[in-house]
Each structure stands twice: as structure tokens, then as C-alpha cells.
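**Q** Can you keep this structure in mind? I'll have questions shortly.
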Amino acid sequence: MSHLNPAEVSEILKKKLQNYQWKSEYEEVGTVLQVGDGIARIFGLNNVRSNELITFQDGTNGIVLNLEEDNIGAVLLGSSEKISEGDLVKRTGRIASLAVGEGLLGRVVNTIGRPVDGKGPVTGELFDFPFERKAPGVIYRQPVAEPLYTGLKPIDSMIPIGRGQRELIIGDRQTGKTAIAIDTIINQREFYEKGEPVYCIYVAIGQKSSTVARIAKLLEEKGAMKYTVIVSAPASDPAALQFYAPFAGTAIGEFFRDTGRPALIVYDDLLKQAVAYREVSLLLRRPPGREAYPGDIFYLHSRLLERAAKIISSDRIAAQMNDLPESIKHIAKGNGSLTALPVVETQAGDVSAYIPTNVISITDGQIFLDTDLFNSGVRPAINVGISVSRVGGKAQIKSMKKIASTLKIDQAQYRELEAFSKFGAELDPATMNVIDKGAKNVEILKQDQYKPMPVEKQIVMIFCGTRGLLKDIPVTGIKEFENEFLRTLEDKHLELLKQIKEGVITEEITLKLEETAKEVAEKFIPRTTRQI
Amino acid sequence: MHFNKIPVSYAKALIMAAKETGRLDAVYNDILMIAELIKRAPDLRGFLENPVVENKSKKKFLKEFFASRISNESAEFLSLLINNKRGVYLEEVCGLFKFYYKKEKGIKSVTLKTAIDIDEKLGARFMEMIEKKLNSKAEITKEVDTSLIGGFTLKVDDRLYDASARAQLEKLRSLLSGKT
Ligand SMILES: Nc1ncnc2c1ncn2[C@@H]1O[C@H](COP(=O)(O)OP(=O)(O)O)[C@@H](O)[C@H]1O
Ligand SMILES: [Mg+2]
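Chains as they are written, first to last, in our numbering: chain A, 4 to 535; chain B, 9 to 188.
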């Protein structure tokens, strides 16, 4: 500090100010015709573009949505209290955008990028990313090839998700949708610690502020905030902020994606977002369609989810990607990805309602959650029979693919026979075997909340199930067996686990696994069974 | 996407109808009054927008309230709006009508805002200059706005010339903070 010369300071300031000119120009302005309910109708601004940011006299911003003859409709990004009829409105010439950068990690921000966690301003270099941006064209993409691990056995084994994929989480309220999303975020800690972070963005739409705060605190405790950004548009926010929140989150995701890194975004949930969009549209007097949603609601969701992608590995081609923001062209890289996990809430399991069917048709698969399963203690309450992942299989590692290949069919068969057995029919031993194996598998696939499991451990457990190695252990002993078995492997066969994680599965490995499983199982077999 | 042509159509129709009967100025004065009233009494807007209130009672109210104060043309127009269930648009129609009226009359709407009250002589010179420059009739409003800090802003229809100290300081601020 002592070396700082006042003359130098003056010089720096002078340089900065050299560009300054005392100059005024005519600018285009509009006049507020009417304002209320978060909407303003404005006369004038004939040259304004759709989605352009405008500024009201009191400093409040708005986004232009309707362009009409002699007047425009705009949504306010703040309160309409201080805006009144006759007020001036100015153009900014900028499309509505968000300032994004590494500094957002660990933060909770609102839809316009302002921190709402009381931890001061966002630091570091920030880049302007538009809310609305065209999805990367086909030549800038490549097929999904790497796994995105949720850490949840039923998903990673039977409904695998790949980086760049869009997988819908759908189900009634209180079925564990949010839990799956949060566990998936927590599960990325392994990769953060390995120095290969998957950056996560959790977009909370129309939730209670206290719920969002609780999620932030939880992720903090689990060491997951270091690689996570939360975009919060609580129910108390204006509808416009709620329906733009996924776009803001996606802009953040694209920053990571387009600088060559993997990112994961959760939209929780898109039904609430659709409702906010419907509210705004009705206020803008757009003609309502099915379930009173505006006609372009499908387009709204498809252009949002289209932005999830796996980017081509060539840096050179990736840097030429369409609609890449000018500000990051110099740091653009290939091989990044944005995986999207949209959440949609259903009413009484009705997936044929308008928004659910729309989003189902846009995504690459769905994870269906079922209230009955949830209540019967099967948690995660995934209805495996009707859940699918259309592209993730290609990203599954060999060891998992091999071990879990029959799991889905086994379980389908089990459910059929189980229903049959309830009639009290006399069953042959083969059938009994299928039922027993199925019941044990159900137990294996259960998983507590906040306990995502690395893939190699999932594989060895599913191995025990599909090979029927747990035949003599009662259903109630399965969880204990799991703990003991995994501990034993970690103690004695760490190398083996590592190999499995790499995708390797050999005769030698399976023999070793079987041997260890039998050893551990001994301890859990009740006396009576042993005597037989 | 023309979702909102309705108020535009009504405002334009009113202009045309008033022109035909040669009552444009009278209607303009009515509209100014109605607009002012809606602004001051938000309840009125709520009343007119309320789908539960029957058209009949809306019309009755308007008739009694405005009867002696507005021209026949305007009264009929209000009736039409209510009949067609377009009461919601009244505020916007009034706003648009004001703009179309001035356009029709070739009147420029000029607002001069200054940071301090300027004296008569200076004001008059300013006005003279503006009218000469615009080469058309102008409806001029003068306002004092201390938030400008210094200088003035001049708004002509939908163009704003901002020569205030506030705008310059704002520009300086964004230059120094690196945000544009
Ligand atoms: N795997 C699980 N094991 C135990 N409890 C769970 C599990 N998943 C969710 N829950 C609990 O179930 C409740 C509902 O979960 P949540 O994720 O909030 O449902 P949704 O988002 O579908 O409304 C929460 O109290 C949550 O803690
Ligand atoms: Mg939830």
C-alpha cells in the first residue's frame, strides 16, 4: 500500500474517464397505459424486441412479452407499487439476461441473479447469459455416453441416466420426488472430491421460502453446496419470476456446459412453473386453451428442455456453437454437458393431464413415483414397471449392465406371481424361488434418504440379489447384511470394488463376490433354517 | 402475436365516430375526465371489470354518474363497451384514445422537466424554440423534478432527450463500475 502513488491513481481514473463524453441523445420511450398484477401495458416503444429488458421510471425492470399494435405487454420483475399510469418506460436494448460465473457456486440467488442468502454480492468474473437461448444445433452435440449417477440403486441399475439426458421425475405430492433430486445432487460430492465436479443447479419454483432455506442448509451440511447453485423463486415472488426461474437456472447450467464441464439441473417443479406462466398469460389476455394454459405452453417446456445436451468433444467446433454468448467465446470448450431432471407433480396419479403428458413427451424417459409403494415402505417409491430411460443405457458401465440386466424382468415377473400367490394357491418350488428373490430384491433396492451409494457398492448388492445369494436370509435381515457385506468388501477387497467401479467384471471377480457374500450371509441365517 | 387488439380497435372506433359527428374535442375532454376518474378511484375500475356485476347495473350507474357531465357520444360509447363485456379495457382505451387524438390533430406532446423552477422569460424562450423546431402544434407541460439534480429532460411524443445531471452521473457510475 505504501508504494501506491496518488498520481498513479489519478492516471488510472483519467484513463477510464477518457471514454466518457458529456453527450445526450434522443432515446425511445414508452408510456405506461395500465399497470397491475405484475403486468404493465405500455404505449409506444415501437421498436422494442420481444424478451427485451425495459426499465421503468422508478428503476424497476420488466421483460417485453407481447408485441401488439401501438402497445406492448410486459411482465414486471419487481413490485408494481411505485409504477403508475403515465410513467416513462425506457428500452435497454438488451435481451433479458443473467450474470453468471463461478462465484454463483454455494449461493442461493433469485431469478434475476440477486443473492438471497445474505452472504453479500456474488464475487468473481461474471458473464452475461440470456434467459432465452436457442438450443445447440445437432452438429454441436454428441450422443449421451457417460453416466450421471444418482446414487440410488433402482435408478442407476434399471433406469440409468446419461450426461446430457433429460429424465422426468413424476408423481403425486409426498412421494419423494424432491428427495431423489436432492440425493442425486448430494451424490455428486464424490466427483467433486475427485476433482471432476458435476456442477449442480437446483431451481426451486413456487415453494415456500422456508423449504428452500432448509434444502440449502441440508446441502451445506452434506458438503454439496460447494458445487451447487440454488435458484429460488418462492411462491411469494411475482409470477413472472417464477416462470423465468428455470430459464435463469438453465443459463447458469449453460455457463458450465459451454466451458466444457458437466452440469446437472433440477427444475422443482415444472407444474408450478406452468401455473405461473398461465397466470401471466391470462393477465396478458392471451387466449387460454386446454386447462386454461396458453397455447404455447408445450413450446415453453420443449425449448427449455432442448437446452440440455451433451456437447461435442472438439473445442474448435464447440467454440463455434450457435448463439454462444459473445462474452465467453474466448473460454468456450467442448465436451461439456447439461443433464436435466425436471420434476412434475401429478394429481391422484393422473399422468394423462395436460402438463404431465407434455413433459413426458419432451423428455428422454420418466421415473414414476407411486403413493401406494411409498406408503407400503418401498422408498424410493419408484414404479419400475412403467419407468424408463431411453438413452441412459448407452452410458451404463459394463459391470452394472451385466449384473443388473435381468433385474427389471425379474421384478416384473415377481410382481405378477406375487399377486397370484395372494389367492392362496399352492405354488411350485420354482415359483416360490422367483417370489423369494423378488422380495429380497425389493428390499435391496430400498434406500434411505440422504444416503446415495457409489455405483460399485450398488453393483455388488444387486449381484447378491440377482444371483439368489440371499435366499436363506429373512427379508428383515437384508439391510443388516448389506451393511456387513459392504464393510467386509471395503476391508478385504478394496481393489475388487475399484475394478468394478471401472466397469470390469470377470469370472474371478464374481467368484470372489459370491464367496464373500456366502461368508457374510452365514451370520444372518436363522438357526431353524440352518438345521434343515 | 396480436393478442390485444381489442382496446386499439375501440379507441380507433371512438375517434372515427367522434370525427363523423364533429364532436372530437368534446369526446376528448370526456375521455380526459374519465381517465382521471379511473386513476383516482381504483374502485371504479374494479366495479367495471367485475364479471359478477350485471351489465344493467353497470350501465345504470354510469348513466346516473356521468349523465350531465359527458357528451352523448361518450355515453353511448361507454354503453357499448359494457354491453360487449369490454369494461376491463376502459383504462387502456382512454390511454390509447389520448394518443390517437393528438396524432389526429397533429399535436406533439411535449414535456419539459427541469431540476429547478426556471423563470418565465427563460421558459417562454424555451417553448418558442421547441415549437419552431418541431414545426407543429405542441401541447407543452412544464414540470420541476428535483431528482434530475441539474439540467433538463425533454420528451416529445415517444422520444426523450435526457440532458439531466442525473443521467450523466449514471453514465459515469456505470463507466467506473465497469457495468454497462
Ligand atoms: N427414500 C426415502 N426414505 C425415507 N423417507 C423418504 C424417502 N424419500 C422421501 N422421504 C420422505 O418423504 C417425504 C416426502 O418427500 P419429498 O421428496 O418432499 O416428496 P415430494 O417432493 O414428492 O413432495 C419427506 O418427508 C421425505 O423426507
Ligand atoms: Mg417436492
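C-beta: ideal position from N, C-alpha, C; glycine also.
In this text the structure is predicted, and so the values were computed from the model without any measurement.
First and last residue of the alpha helix (DSSP H) that includes Ala442 of chain A?
**A** By one-based count along the first sequence, residue 442 of chain A stands at place 439. Its alpha helix (DSSP H) spans residues Pro432 to Leu448.
**Q** Is any heavy atom of ligand 4 found at a distance shorter than 7 Å from the C-beta of Thr491 of chain A?
**A** Ligands in the displayed structure: ligand 1 and ligand 2; ligand 4 is not one of them.
**Q** Work out the CA separation of Tyr280 of chain A and Gly41 of chain A for me, nearest whole Å.
**A** By 1-based counting over the first sequence, the position of residue 41 of chain A is 38. By 1-based counting over the first sequence, the position of residue 280 of chain A is 277. Each residue's Cα considered, the two are about 12 Å apart.
**Q** Which two residues bound the contiguous beta strand (DSSP E) that contains Gln287 of chain A?
**A** The count along the first sequence starts at 1 and reaches residue 287 of chain A at position 284. The amino acid at residue 287 of chain A is misidentified as Gln; the sequence shows Leu. Looking at the DSSP string, Leu287 of chain A is not in any beta strand (DSSP E), and its letter there is neither H nor E.
**Q** With three or more beta-carbon pairs closer than 8 Å as the criterion, would you say the region 273-290 of chain A touches the region 236-255 of chain A?
**A** Yes, the region 273-290 of chain A touches the region 236-255 of chain A.
**Q** What does the alpha-carbon distance come out to for the pair Phe71 of chain A and Lys13 of chain B?
**A** Within the first sequence, numbered from 1, the residue matching residue 71 of chain A stands at position 68. Within the second sequence, numbered from 1, the residue matching residue 13 of chain B stands at position 5. This sequence places Glu at residue 71 of chain A; Phe is not what is there. C-alpha separation (whole angstroms): 7 Å.
**Q** Taking Cβ to Cβ, would you say Glu55 of chain A is nearer than 8 Å to Asp166 of chain B?
**A** Locating residue 55 of chain A in the first sequence gives position 52, counting from the first residue. Locating residue 166 of chain B in the second sequence gives position 158, counting from the first residue. Going by C-beta atoms, Glu55 of chain A is not nearer than 8 Å to Asp166 of chain B.
**Q** Ordered along the chain, which non-local residues of its own chain (more than five positions away) have a Cβ less than 8 Å from that of Met9 of chain B?
**A** Numbered from 1 along the second sequence, position 1 holds the residue referred to as residue 9 of chain B. For Met9 of chain B, the predicted structure reports a pLDDT of 36, less than 50, and the residue's modelled location is therefore unreliable. The matter cannot be settled from this model.
**Q** On the CB-based measure, 16 or more other CB atoms within 10 Å of its CB, does Met228 of chain A come out buried or exposed?
**A** On the first sequence, residue 228 of chain A is found 225 positions in, with the first residue counted as 1. Met228 of chain A should be labelled buried.
**Q** Kindly list, in the order they appear in chain B, the residues whose Cβ is closer than 8 Å to that of Asn74 of chain A.
**A** In the first sequence, residue 74 of chain A corresponds to position 71, counting from 1. Asn12, Pro15, Val16, Glu100 and Leu104, listed in chain order.
**Q** Can you grab the Cα-Cα spacing for the pair Lys405 of chain A / Tyr195 of chain A, in whole Å?
**A** The residue you call residue 405 of chain A lines up with position 402 of the first sequence. The residue you call residue 195 of chain A lines up with position 192 of the first sequence. Spanning the two alpha carbons is a distance of roughly 27 Å.
**Q** Taking Cβ-Cβ distances below 9 Å as the criterion, which residues of the region 59-88 of chain B are in contact with chain A?
**A** Of all residues in the region 59-88 of chain B, none has a Cβ within less than 9 Å of some Cβ in chain A.
**Q** Compare the Cα-Cα distances from Asp326 of chain A to each of A:Ala254, A:Glu419 and A:Thr181 and report the closest residue.
**A** Position 323 of the first sequence, counted from the start, is the residue given in the question as residue 326 of chain A. The candidate whose alpha carbon is nearest that of Asp326 of chain A is A:Ala254.
**Q** Alpha carbon to alpha carbon, what distance is there between Ala384 of chain A and Glu446 of chain A?
**A** As a working mapping, residue 446 of chain A is identified with position 443 in the first sequence. As a working mapping, residue 384 of chain A is identified with position 381 in the first sequence. If I take the Cα positions, the gap works out to 12 Å.
**Q** How about Pro359 of chain A and Val347 of chain A: do their beta carbons lie closer than 8 Å?
**A** One-based indexing of the first sequence puts residue 359 of chain A at position 356. One-based indexing of the first sequence puts residue 347 of chain A at position 344. Yes. Within cutoff.
**Q** Measuring only the C-alpha atoms, how far is Ala335 of chain A from Ala49 of chain B?
**A** Along the first sequence, one-based indexing puts residue 335 of chain A at 332. Along the second sequence, one-based indexing puts residue 49 of chain B at 41. Their backbone Cα atoms lie some 56 Å apart in a straight line.
**Q** Can you tell me which of the three DSSP states Val201 of chain A falls into?
**A** Here the question's residue 201 of chain A lines up with position 198 in the first sequence. The answer is coil: DSSP assigns Val201 of chain A none of H, G, I, E or B.
**Q** Where in the region 496-534 of chain A do unbroken runs of the beta strand (DSSP E), each at least 3 residues long, occur, reported from the N-terminal end onward?
**A** Fully enclosed beta strand (DSSP E) runs of 3 or longer: not present.
**Q** Let me know the beta strand (DSSP E) ranges lying completely inside the region 40-126 of chain B, each 3 residues or longer, listed in chain order.
**A** Counting whole runs of 3 or more residues, the region 40-126 of chain B contains the beta strand (DSSP E) stretches 116-122.
**Q** According to DSSP, is Arg97 of chain A helix, strand or coil?
**A** Reading the first sequence from its first residue, position 94 is the one you call residue 97 of chain A. Note: Arg97 of chain A maps to strand in three-state DSSP.
**Q** What residue does the beta strand (DSSP E) around Ile375 of chain A start on, and which one ends it?
**A** Taking the first sequence and counting its residues from 1, one reaches residue 375 of chain A at position 372. Residue identity check: residue 375 of chain A is Asp in the sequence provided, not Ile. Looking at the DSSP string, Asp375 of chain A is not in any beta strand (DSSP E); the run it does join, the alpha helix (DSSP H), is Thr374 to Asn378.
**Q** Which of helix, strand or coil does DSSP assign to Ala351 of chain A?
**A** Taking the first residue of the first sequence as 1, we reach residue 351 of chain A at position 348. Here Ala351 of chain A sits in coil by DSSP.
**Q** May I ask whether a heavy atom of ligand 1 can be found less than 7 Å away from the beta carbon of Gln452 of chain A?
**A** Sequence index remark: in the first sequence, residue 452 of chain A carries index 449 (1-based). Checking every heavy atom of ligand 1 against the Cβ of Gln452 of chain A, one is found closer than 7 Å.
**Q** Between Arg176 of chain A and ligand 1, is the CB less than 7 Å from at least one heavy atom?
**A** One-based indexing of the first sequence puts residue 176 of chain A at position 173. Yes, Cβ of Arg176 of chain A sits closer than 7 Å to a heavy atom of ligand 1.
**Q** Hey, out of B:Ser155, B:Ile115 and B:Gln176, whose CA is closest to Glu147 of chain B's CA?
**A** Here residue 147 of chain B refers to the residue found at position 139 of the second sequence. Ranking the options by Cα distance to Glu147 of chain B, first place goes to B:Ile115.
**Q** Using DSSP with H/G/I as helix, E/B as strand and the rest coil, what is Asn338 of chain A?
**A** As a position in the first sequence, residue 338 of chain A is number 335, starting the count at 1. Three-state DSSP puts Asn338 of chain A in coil, outside helix and strand.
**Q** Can we count Thr262 of chain A as close to ligand 2, meaning its CB is less than 7 Å from some heavy atom?
**A** For this step, residue 262 of chain A is matched to residue 259 along the first sequence. Incorrect: Thr262 of chain A has no Cβ contact closer than 7 Å to ligand 2.
**Q** For the region 91-164 of chain A, which segments carrying the alpha helix (DSSP H) assignment without a break, of at least 4 residues, lie completely within its bounds, in sequence order?
**A** You should have 156-161.
**Q** Does any residue of chain B have a CB that is nearer than 8 Å to the CB of Lys19 of chain A?
**A** Within the first sequence, numbered from 1, the residue matching residue 19 of chain A stands at position 16. Output row for Lys19 of chain A: interface = yes.
**Q** Does the Cβ of Glu11 of chain A have 16 or more other Cβ atoms within 10 Å, making it buried, or fewer, making it exposed?
**A** Residue numbering aside, residue 11 of chain A sits at position 8 when the first sequence is read from its first letter. Exposed: under 16 other Cβ atoms inside 10 Å.
**Q** Name the chain B residues whose beta carbon is nearer than 7 Å to that of Arg44 of chain A?
**A** As a working mapping, residue 44 of chain A is identified with position 41 in the first sequence. The answer, in chain order, is Glu100.
**Q** Measuring alpha carbon to alpha carbon, tell me which residue in B:Ser155, B:Gly30, B:Ala123 and B:Gly54 is nearest Glu81 of chain B.
**A** The residue given as residue 81 of chain B occupies position 73 in the second sequence. When only C-alpha atoms are compared, the closest one is B:Gly30.
**Q** Kindly indicate if chain D contains any beta-carbon less than 8 Å away from that of Asp51 of chain B.
**A** Included in the structure are the protein chains A and B, with no chain D among them.
**Q** What is the DSSP secondary structure of Leu183 of chain B, reduced to helix, strand or coil?
**A** Your numbering for residue 183 of chain B matches position 175 in the second sequence. Reduced to three states, the DSSP call for Leu183 of chain B is helix.
**Q** Just how far apart, CA to CA, sit Thr95 of chain A and Ala321 of chain A?
**A** Mapped onto the first sequence, residue 95 of chain A falls at position 92. Mapped onto the first sequence, residue 321 of chain A falls at position 318. Answer to the nearest angstrom: the Cα atoms are 30 Å apart.
**Q** If the cut-off is 8 Å on Cβ atoms, which residues from the region 169-183 of chain B count as contacting chain A, listed in chain order?
**A** Listed by position along the chain: Tyr169, Asp170, Ala171, Ala175, Gln176, Lys179, Leu180 and Leu183.
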